[in-house]
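Asker: In my numbering, the protein residues as written are 78 to 328.
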Ligand code: PGA
């Protein structure tokens, strides 16, 4: 199995100075920890200064979004080559906030994922159902449609890497976490769907992160589940100490 992966999604938080301070503290807190992978996702404006702090450490850099085109007249957008240029290895795609507030569709996310993969970035592809969809018994159907739409035409046969984040929308920023059993059930479903789409070997090489109010006090239960390979953490990653406690969940 590949290493578990923990991402800190800082969303629209932190000035350059705050980002540099947080990542500096994080670097100290998780020194010599090599059994997990750690990625921070600062806002675009802090990517370069955070990169300077993590240079030579085991913390990797990621962006929270990108445009599917390489360059052109797309005011306000950022391309994969720009992200690579600033030192990013990862990019979050299709986060539920992008879907909800910016109208991103599976089709657009698919274009972005293809662009990211062909440029050498590792996409963290987010999927997850809303509360009503879960209550209506449609959670798996929704996640299946999202996965199939976002992965259309992608086979990873060239050895490209991809991460999936299962983030039930009702658990994001709400303090309400999926129980380890609920999360495992969906992660298992995602694994089986990946197996069908990409083949068994690739499906088992893909890390499936849980996201949605992951915290130091609930991470252990989640990480005990066989198909949970890490977490994408929002609120609890803003403070280095709480993010470090999540990353060091085994201690
Ligand atoms: P949260 O956010 O941990 O604050 O719930 C997770 C995410 O949106 O990635």
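Note that the Cβ used here is the ideal one computed from N, Cα and C, for glycine as well.
Can you have a look at residue 150 and say buried or exposed, based on whether 16 or more other CB atoms are within 10 angstroms of its CB?
Answerer: Classification of residue 150: exposed, given that the 10 Å Cβ count is below 16.
Asker: Please state if the CB of residue 304 and the CB of residue 268 are separated by a distance shorter than 8 Å.
Answerer: Yes. Within cutoff.
Asker: Going by C-alpha to C-alpha distance, which of 97, 124, 134 sits closest to residue 115?
Answerer: Of the candidates 97, 124, 134, the one whose C-alpha sits nearest the C-alpha of residue 115 is 134.
Asker: Return the bridge partner residues of residue 240 from the DSSP annotation.
Answerer: According to DSSP, which records beta bridges pairwise, residue 240 is partnered with 201, 284.
Asker: Ends of the alpha helix (DSSP H) at residue 187?
Answerer: Looking at the DSSP string, the run of the alpha helix (DSSP H) that includes residue 187 is 183-196.
Asker: Specify the secondary structure class of residue 178 as computed by DSSP and reduced to three states.
Answerer: It is helical.
Asker: On the DSSP letters alone, give me the boundaries of the alpha helix (DSSP H) that residue 217 sits inside.
Answerer: 216-227 is the span of the alpha helix (DSSP H), which, as asked, contains residue 217.
Asker: For a test of the three-state rule: what should DSSP assign to residue 137, helix, strand or coil?
Answerer: Reduced to three states, the DSSP call for residue 137 is strand.
Asker: Where residue 225 and residue 80 are concerned, what is the direct C-alpha to C-alpha distance, given to the nearest angstrom?
Answerer: Whole-angstrom Cα-Cα distance: 25 Å.
Asker: Got a list of residues with beta-carbon closer than 6 Å to any non-hydrogen atom of the ligand PGA, in chain order?
Answerer: Here the residues come out as 86, 244, 249, 250, 288, 289, 290, 291, 309, 310, 311, 312, 313.
Asker: Around the Cβ of residue 180, are there at least 16 other Cβ atoms within 10 angstroms (buried) or fewer (exposed)?
Answerer: Exposed, because fewer than 16 other Cβ atoms sit within 10 Å of the Cβ of residue 180.
Asker: My understanding is that residue 166 touches residue 199, with C-beta atoms under 8 Å, so please give their C-beta distance in whole angstroms.
Answerer: About 6 Å separates the two Cβ atoms, so the contact holds.
Asker: Looking only at its chain, what residues have a beta carbon closer than 7 Å to the beta carbon of residue 106, apart from the 5 residues adjacent to it on each side?
Answerer: The answer, listed in chain order, is 317, 318, 321.
Asker: Are there 16 or more other CB atoms within 10 angstroms of the CB of residue 129, so buried, or fewer, so exposed?
Answerer: By the 10 Å Cβ count, residue 129 comes out exposed.
Asker: Along the chain, where does the alpha helix (DSSP H) containing residue 321 start, and where does it finish?
Answerer: Element bounds for residue 321: 317-324.
Asker: Report yes or no: do three or more beta-carbon pairs, one from the segment 135-144 and one from the segment 264-284, lie closer than 8 Å?
Answerer: Segments in contact, no.
Asker: With distances taken between CB atoms, is the gap from residue 201 to residue 84 smaller than 8 Å?
Answerer: Yes, the pair counts as a contact, with Cβ atoms nearer than the cut-off.
Asker: If distances are taken between C-alpha atoms only, which option among 171, 204, 296 comes closest to residue 328?
Answerer: Selected option, being the one with the closest Cα: 296.
Asker: Give the DSSP-derived three-state secondary structure of residue 170 in the structure shown.
Answerer: Strand, per DSSP.
Asker: If you pair each beta-carbon of the segment 154-168 with each one of the segment 206-214, do three or more pairs fall below 8 Å?
Answerer: Touching, no, given that fewer than three Cβ pairs across the two stretches are closer than 8 Å.
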